[in-house]
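Q: At position 270 of the sequence shown (counting the first as 1) the number is 271 in this note's numbering, and the numbers step up by one without a gap.
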Amino acid sequence: MRTQQKNKGQVCEAGEQLSSMGKTWGDHETMTSRRKFLAGTGLLVLGAALKIKGAPATDHASSPVIDIHQHADYNGRSVESLLHHQRAMGVTASIVLPVGRQALALPPGSAAKGGRPIAGDNDACYRIAKEYPKTFYAGASELDFPDAAPEIEKYLKLGAVVIGELKAKVECDSAEMQQVYQLAQSYDVPVLMHWQHGEFNLGLERFHKMLEKYPRVNFIGHAQTWWANIDNENKDQTEMYPKGKVFAGGLTDRLLSDYPNMYGDLSSNSGLNALTRDEEHIRQFLTRHQDKLMFGSDCADTDGSIDACLGAKIIASVRRLSATKKIERKVLYENAKKLFRIG
Ligand SMILES: [Zn+2]
Ligand SMILES: [Zn+2]
Numbered sequence: 002m003r004t005q006q007k008n009k010g011q012v013c014e015a016g017e018q019l020s021s022m023g024k025t026w027g028d029h030e031t032m033t034s035r036r037k038f039l040a041g042t043g044l045l046v047l048g049a050a051l052k053i054k055g056a057p058a059t060d061h062a063s064s065p066v067i068d069i070h071q072h073a074d075y076n077g078r079s080v081e082s083l084l085h086h087q088r089a090m091g092v093t094a095s096i097v098l099p100v101g102r103q104a105l106a107l108p109p110g111s112a113a114k115g116g117r118p119i120a121g122d123n124d125a126c127y128r129i130a131k132e133y134p135k136t137f138y139a140g141a142s143e144l145d146f147p148d149a150a151p152e153i154e155k156y157l158k159l160g161a162v163v164i165g166e167l168k169a170k171v172e173c174d175s176a177e178m179q180q181v182y183q184l185a186q187s188y189d190v191p192v193l194m195h196w197q198h199g200e201f202n203l204g205l206e207r208f209h210k211m212l213e214k215y216p217r218v219n220f221i222g223h224a225q226t227w228w229a230n231i232d233n234e235n236k237d238q239t240e241m242y243p244k245g246k247v248f249a250g251g252l253t254d255r256l257l258s259d260y261p262n263m264y265g266d267l268s269s270n271s272g273l274n275a276l277t278r279d280e281e282h283i284r285q286f287l288t289r290h291q292d293k294l295m296f297g298s299d300c301a302d303t304d305g306s307i308d309a310c311l312g313a314k315i316i317a318s319v320r321r322l323s324a325t326k327k328i329e330r331k332v333l334y335e336n337a338k339k340l341f342r343i344g
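Structural data, given as structure tokens:
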């Protein structure tokens, strides 16, 4: 009955480029909140002054940002490049997500431009979090169902702050996935799932049953099928990046409204697409779900600047499209700080 995951996919999504969006950057935090922040984070100030590795850049300290979706060794990117990338985006703390005990590789031919994207395993994420405390936090994950639970538990015991990203071809309400949800309940960590129709985490239309069955587990939705279904008129589930007008009340919108334990991860091309396809809709969506949405990047570039980096574009879009500064701060920082108890 072993249903080993053979179809190795990319950790995030296809490396296709969306058009450059959102050039307007938000205003800065007030001096009052800067003082308050600095007072509470003497370590960060000390770290910056002494140039301790992993300490965030000082110019971002007034306005911290948590990236809930990054990867170790992504596309061969070194830890130093990842640190540079995160700082360039203005990120002060990041969660590095494994997919399992195997480093993940794309089959030849389907790789994003520049080679074969790979991402680090549980151990790689654990090591990076241990080496750079408070700058990186690790997830724990496994593709290898039905034997996923022991591997995940091993890394939860080592301090992983989330189970994910979960990216296997399994039914979302299967017994083996429920084992993972029970583990999340025992260790009191959220579960981050990559929803991709026909490929990973199947049966989004039935997921409300799991949200009801595990009310103490916080679930985070990510990827194409999650974001395509903000639209109530989303008819073609094979369309991964639908464009144009969004009719409010889609499946994702309802799950976020109806279940206090459902959250959304804005990372990747799917998140950026949702932010930019219908700006009038998304302003209201961001307001409606301001306590549920969190910034993630999920990009493999080494640059981290607005022209080259998906994460930087997502941050700029959140800043431009949030109706208030308060909403922006929740999405870029406060919601993740509260949910993961980090930052
Ligand atoms: Zn993903
Ligand atoms: Zn990037």
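For glycine and all other residues, C-beta sits at the position ideal for the given N, C-alpha and C.
The beta strand (DSSP E) that contains D166, what's its start and end?
A: Asp is not the amino acid found at residue 166; the sequence shown has Glu there. Counting along the chain, E166 sits inside the beta strand (DSSP E) bounded by residues 163–167.
Q: Who does M263 pair with in a DSSP beta bridge?
A: F220
Q: Check each residue's C-beta against every heavy atom of ligand 2 and list, in chain order, those closer than 5 angstroms.
A: C300, D302, C310, G312
Q: Assuming contact is defined by CB atoms lying nearer than 7 angstroms, are A169 and L203 in contact in what I supplied?
A: no
Q: Please confirm if the stretch 189–197 is in contact with the stretch 219–228, defined as three or more CB-CB distances below 8 angstroms between the two stretches.
A: yes
Q: Under DSSP, the alpha helix (DSSP H) around G140 begins and ends at which residues?
A: Note, G140: premise wrong, no alpha helix (DSSP H); beta strand (DSSP E) at 137–141.
Q: Kindly indicate which three-state DSSP category M295 falls into: helix, strand or coil?
A: strand
Q: Between the alpha carbons of G91 and I67, how many angstroms are there, rounded?
A: 9 angstroms
Q: My guess is that E154 and L184 are in contact by the Cβ rule of under 8 angstroms, so how many angstroms apart are they, rounded?
A: Confirmed, Cβ separation roughly 6 angstroms.
Q: Can you tell me whether E166 sits near ligand 1, meaning its C-beta is under 6 angstroms from at least one heavy atom of the ligand?
A: yes
Q: Just to confirm my understanding: we take V181, look at its own chain, exclude 5 residues before and 5 after, and list those with CB closer than 8 angstroms. What are they?
A: A149, A150, I153, I164, L167, V192
Q: Please indicate yes or no: does the CB of H290 lie closer than 6 angstroms to some heavy atom of ligand 1?
A: no
Q: How about S323 and L287: are their beta carbons less than 7 angstroms apart?
A: yes
Q: Would you mind sorting K331 into buried or exposed? The rule is 16 or more other CB atoms within 10 Å of its CB.
A: buried
Q: What does the Cβ neighbour count give for D308, buried or exposed, with the cut at 16 atoms within 10 Å?
A: exposed
Q: Does the beta carbon of H195 fall short of 6 angstroms from some heavy atom of ligand 1?
A: yes
Q: Evaluate G265 with the Cβ neighbour count: other Cβ atoms within 10 Å of its Cβ, from every protein chain shown; 16 or more gives buried, anything less gives exposed.
A: buried
Q: Which class does A68 belong to by DSSP, given the choice of helix, strand or coil?
A: For the sequence presented, residue 68 should be read as Asp rather than Ala. Reduced to three states, the DSSP call for D68 is strand.
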